[in-house]
Structures are given as C-alpha cells and as structure tokens.
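Structure, as structure tokens:
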Amino acid sequence: MPRDTGTALLREVFGFDAFRPGQGEIVDAVAQGRDVLAIMPTGGGKSLCFQLPALMRDGVTLVISPLIALMRDQVRGLQQAGVAAGALTSGNTPEETDAVWAQLAAGELKLLYLAPERLASAGTARMLSRAGISMIAVDEAHCVSQWGHDFRPDYLKIGALRRDLDVPVAAFTATADEETRAEIIARLFADCQPQVFLRGFDRPNIHLAFSAKDKPRQQILEFAKARRGQSGIVYCGTRNKTEALAQAMREDGHAACHYHGGMEADDRRTVEARFSREDGLIVVATVAFGMGVDKPDIRWVAHADLPKSIEAYYQEIGRAGRDGAPAETLTLFGADDIRLRRSQIDEGMAPPERRMADHGRLNALLGLAEALDCRRTVLLRYFGEAAEPCGHCDLCDHPPDVFDGTEAVRKVLSAVLRTGETYGAGYLVDVLTGNLTDKVRQRGHDSLPTFGVGKEFDKRGWTAVIRQMMGRDLLRPDADRHGALVMTDAALPVLRGQDTLCLRRDSISKASAQRMPAVKSMVNEEDAPLLSALKAKRRALSEEARVPAYVIFPDRTLIEMAETRPASLDAMARINGVGAKKLERYGSAFLQVITGADAPPVHPMRRKLAGRVEGSVYDRLMQTQADLTRGTCGTLKPLSCSASILAKVARLKPGDTAGLQRILGDKRQERFGAAFLDVLQDAG
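Quick note: the sequence shown uses our numbering, first residue 1, plus one each step.
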C-alpha cells in the first residue's frame, strides 16, 4: 500500500498533516503485512500505527487490548472519525453486540476490538475464523511477560490464534526492557522474527521534577492546588493512602476519587468511566490504575511515593500529555521509600539474578532522583539515548547547589562500620549528631570516635545525606538484619580516599528552601480566555454526545485553535486533529466560539474540500459560474453546474477541453468551458 494513501487517510480521517517521528515507517510495515514489534514511548502514538493500516488493508483488523474502558474509548473515537469499529466485551449492551455481529456479517467492520479473556472460548475462535480477519494488532504486548506485574495469562493464547488464522501480527508496547522484548517475540511470533522498531523515548512536552519528602501530603496538595481544574493522577504506594489522600483532595475543593485493586470491579469501572469523561478529575491510585489509561489530556502526574523502578516511573509519568500539549510531573521520595523498595525486592520470590536486576532498575531511578544535572539527560541515558540538557526539568529551571560531600559520606560510613552494620538511619543520625539517647548509652556508642562528629548538619540534614548515599547505592538496607544499613562495594573507593563524591546542599537544607515546580501555562495570557471558552463548548458537546471530552477534540487541538484563531472552515480544517468527519460535525460550532458569529452555511460538497487546494479552486469556479450564469452578454437562459460537478472539476483538474467536456457535458462546456480552463491553469 503506497505511503501517499496512508498520508491522505491520515489527513482526512484523523486530521493530521504529518506523522509523528517514527510513526510513518511502522505504518508502512504494518500496512504491507509484515510481522512487527514496535516499542514506542507512552503517548507516542501507538494506536494510530495499527488503526491507520487497518483502513489501508482489506479485511478486518483484530485488536486485542487489555481493558474494556480503553477499548470502548478507542472505538468511540474511531466512530466519531467516521471509521467502522466495534468491540466485543462483557460491558456491551445486547444491542451493541448485535450491531457488531451485523457489521461483521455485512463485511462493513474495519476494526474489531476483543478482550484477551474471550480467546479462551471455542465460539470466539470459530467466529474469528469466519470474520475475514487479515491482521492481529496486540496492544500493551508486555502483558505476555510472565515476570511483569501486568501479566495476563490469556495473552499466551495469541500465538496459537496467529497460527490458526495465518495472519500477520503487529505488537505494541512502551516497555523498553530487553528481557521483556525477547519474551514477547518468543510467545507471540514463535517461528518467525518480526521487524522490530525501537523508537526514541524522549517526551519533551513533559516537565520532570523530583522533591525530597517533607510533609508529603501537603506537598501533593500544593502541587494539585496550583493546577486546579486540570486532570491529574496521583500514584501512591498503598491502598489506604489512596483513600486518605483522595479525601484530603476533596476537602481541599478538588474533584477527586481513589482507585486500587481491592475495590469492587463495578466501583473501579465507575472511576475509569468518570476519569475518561470528566474534565479536571483527579484520580489517586495505586499502580492498578494505569495500563490502558488512554486519556490524552492528563495534564499532570504526581507520585506521593517512589515508584518501584525507572521503567515503572517512565510508564507512569508517560500517562500525562499524550496529546503532545504541555504536561507536568512531581515525584516525592524519601529514605523510607528506598528501604521499602529494597525490602520488596529482597523478600520477593524472584530468583537471585532477577533480584539483582531489580536492584539495578531501582538504582537507576534513585540516580535520577538524586541527579546533579538535567534529569532528562539522565533518564534518556538509561534508555541508551544521548541528549543535551533539556531546559525543561526542575534542575534545568533551578540548577542545584552542589558541594563536595566526600567527608560527610565518610563520616556516615564510619558510623555504619563502627556500629557493626546493625542499625537504621535514625540511630546512625543520633550517633553522628551526638544525641545521647538511652539506646546509645546502653550500647556504649557514645564512646565511639564518630559520636558527635557531625555537628555541621542537624538531624534532617544527616537524614538527607544518608538518603543520597542510598540513592547512589553506597548503603543498602539488609532484609536479614531487619532493614539495618550495610555498606556496599560501591562505597569502598570513597572510604579509602580513592574517590570523591558531590552531594546536593539544597536537598539537605530546610524544606522551605526547596522550590515546588512552577505551573507551566498551556497558552499565553492573551489566548487563555478563548481556550477556556473552547473547552466549555467541548464539554457541552461531549455531554450531549455522551462521549469523553477528548473524543470531540484533544487539548492540543483546542490549544492550536486558540493560538491560530481560524476564521473559516478552510482554516479550521488545517488544525491538527480536525479530520473530515469532525469538521462536518463540530467545525461550525467551534468557529462560532472563535469568531463570535454564526458561520455561513457551506454546501456539503464544499465542506469535503475544506483545507485543501481544491477548496479554493472550487470557490473560484463557483464565482466564475456566477459571472456566466446568463452568458457573457447577460441575456441568455440561466445555466449552472451542481455542487458535485464543481467539486469533481476541482478534484480532477482536467487540463484540456475534452477532459472538461466529459465532466460538464456539451451545454455547460459551451457556457463555462473556456473560463473554467483558465481557472484550472491559474491554479497550476
């Protein structure tokens, strides 16, 4: 299938003038029927890479996706764009299921979404064998990995389905881990090697920020308060914390709800439905809320607790700003987080080599949390990409105050070793600051050379030093010693004077000196009122149509409208995200908001040409026809061409009299032919 066909459909159906980086090559490969594994960043446009080829290919594309809410949202979005799509899920009404079966039987359906659990049914297999399936698309393909927390056993049946149907598979995931990629290939592709696409992991529209915990609930509330009215997710480490923090959010005037795996299935579905439809809702959740979240206008993600790994962090923040518009993140962390994550790894059931790899992933995240320079550079380096300082993270906004912390680190290591690697951070801080507690006196540690040597920092300061050391993996909690801190081999060069170490002074200073990330404006001050008005119109239309607001238009499209202020349907059609069907349904309504006046009526044939060169050719042909309706002398019997004839002339642009006559016929050719040819030649 030629690339220009895909480009035309991209504009007409989805409303985009060009592919995002990396999309075009993947679309080509999938459209040509190759087996494909595409690893793309969260929010990088994975769905388009199977939805567009489905329109370019004959037959039905079967999409296997893990969550009902995700499938329903994608189907609604495709239907709004004029694409015949349907889903067979347990959430369907009987009428919805009957409609899907009818479309399949009539050969009208282009995309059929299916939950993996349905693959266990023999009836499903028989149905698929008769449905004209020409390709299988697997979304969230990392669910096939038995080591992942998103593992779905029914994903293991996809490989057999592929062999039975004898069709190509296109699998998509944002998981970058090589081990997981190898497992996906083995289980989904088995006897063949797919074409693998590994796309860049930078999400430049997302602002990155970390902060040490200091009254963490208040930190999260302040972050949310500054972004009031914007949709956001707060990730928490425990179920209880999600409920308590959601309640605190509501008391602070936010629309907020909680979500975790211990809730009833109906309650979880209610939260998912609210989040997809409501503007400005905050969900406070465990990681159970994540996979399948396809809301493109999530404006911020906060972590009230440290994620479990750098991959988990990347996936979770990647749920923000999927529409490409500005988004923000904040991740809180503390020594308790580090101890908890270490103990979860050490006490898990994974084999030793897996635990070692998990410690490495956690170390990478801690290195990001305690970074001394651009966070994006550190993050992308982990994924094997080089990057210049981004100017779009908290450390680029406010470079950290760094000092030579070698002596402070040696003091901590000395205290750890002289107390027998038997105690946690609190006890070590008492020794360093000379706090003569009963426990210190009873154990005789007040006589140690390290007792009271740390007068340069207070308790909070030494706690921050120890946290930074844990972040550099110089100290680790030992599960066999009830979480006591022990020295790692990485600390030996510092202890022996063979290496030096820089620390962040701003992490050690008082909390009041720490800056919370500033709010990033989506548009400039002049365009903000118009953006608000456009959002209000979108909300009204979405409620009327009973679809999520972003299905009408995502934030990015409204931002472009507010900034460029299109004054006609032609200009509106050139806005990214405004396809032909959406222009027809919503173009006039949004134009009225922008111009403050009712849009003049436009013939449907002319509307189909909006935003194209053919549109302006049509307008000139219409004007020329008006001038010649009664002939050049103005006395002949009125004659005109229908809108469909004018549109055909504008599209085909015949270059000679014979070609034009085949469209116009003899009478109209005689009246308009010469003048129309002049218009076409001027248009090139």
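Beta carbons are placed, not taken as given, at the ideal position from N, Cα and C, and that holds for glycine.
On a predicted model such as this, the values are computed, not experimentally measured, just so you know.
Assignment of alpha helix (DSSP H) within the stretch 349-437, counting only whole runs of 4 or more residues, yields 352-369, 375-382, 394-397, 406-418 and 425-433 in chain order. Annotated as distal: ALA81 and LYS648, with beta-carbon spacing of 8 Å or more. Annotation for GLN681: the continuous alpha helix (DSSP H) segment containing it runs 666-682. Straight through space, the alpha carbons of ARG163 and ILE136 are spaced by roughly 11 Å. In this chain, the alpha helix (DSSP H) harbouring LEU70 covers 68-80.
Around the beta carbon of LEU112, a 10 Å sphere encloses 16 or more other beta carbons of the protein chains shown; the residue is thus reported as buried. Under the 8 Å Cβ criterion, the stretch 445-465 does not count as touching the stretch 357-375, having fewer than three qualifying pairs.
Taking the C-beta atoms as reference points, GLY59 is found nearer than 8 Å to GLY132.
About 5 Å separates the beta carbon of ASN205 from that of GLY321, a gap short enough to meet the 8 Å contact definition. Per the C-alpha coordinates, the member of TYR586, ARG342 and LYS439 positioned closest to ASP473 is ARG342. Taking a 10 Å sphere around the C-beta of GLN592, we find fewer than 16 other C-beta atoms and assign the residue as exposed.
A residue is called buried when at least 16 other Cβ atoms come within 10 angstroms of its Cβ; ALA209 meets this threshold and is buried.
Rounded to whole angstroms, the gap between the alpha carbons of VAL234 and ILE317 is 10 Å.
Rounded to the nearest whole angstrom, the CA to CA distance from PRO296 to VAL578 is 15 Å.
Within the same chain, and ignoring the five residues on either side of HIS603 in sequence, the residues whose Cβ sits closer than 6 Å to its Cβ are ALA643. The residue from ARG418, CYS633, ALA425 and GLY123 with its alpha-carbon nearest to that of ASP446 is ARG418.
In the three-state scheme derived from DSSP, where H, G and I count as helix and E and B as strand, HIS603 is classed as coil. With 16 or more neighbouring CB atoms inside 10 Å of its own CB, SER211 falls in the buried class. With a contact defined as Cβ atoms closer than 8 Å, ASP337 and LEU306 qualify at about 4 Å. Within 10 angstroms of the beta-carbon of VAL613 lie fewer than 16 other beta-carbons, which makes it exposed.
Where ALA248 is concerned, the enclosing alpha helix (DSSP H) starts and stops at 239-251. At a Cβ-Cβ threshold of 8 Å, CYS257 and VAL287 do not count as neighbours. Fully enclosed beta strand (DSSP E) runs of no fewer than 3 residues occupy 502-504 of the stretch 486-549, in order along the chain.
The three-state reading of DSSP puts GLY86 in strand, counting E and B together. As the crow flies, the alpha-carbon of SER616 is around 12 Å from that of LEU646. Classified as buried, LYS110 has 16 or more neighbouring CB atoms from the shown chains inside 10 Å of its CB. With 16 or more neighbouring CB atoms inside 10 Å of its own CB, ASN576 falls in the buried class. In the DSSP assignment, ALA256 is bridged to ILE282.
When secondary structure is reduced to three states using DSSP, LEU475 falls in the strand class.
In the DSSP assignment, GLY232 falls within the unbroken beta strand (DSSP E) covering 232-235. Around the beta carbon of PRO493, fewer than 16 other beta carbons lie within 10 angstroms, which makes this residue exposed.
For VAL138 against LEU188, the beta-carbon gap comes to about 6 Å, under 8 Å, which counts as contact.
Contact between LEU501 and VAL409 holds, with the beta-carbon distance rounding to 5 Å and staying under 8 Å. Rounded to the nearest whole angstrom, the CA to CA distance from ALA171 to THR89 is 20 Å.
For TYR382, the closest of CYS390, LEU368, ARG668 and LEU395 by C-alpha to C-alpha distance is LEU368. Linking LEU428 to PHE457 through their CA atoms gives a straight-line distance of about 13 Å.
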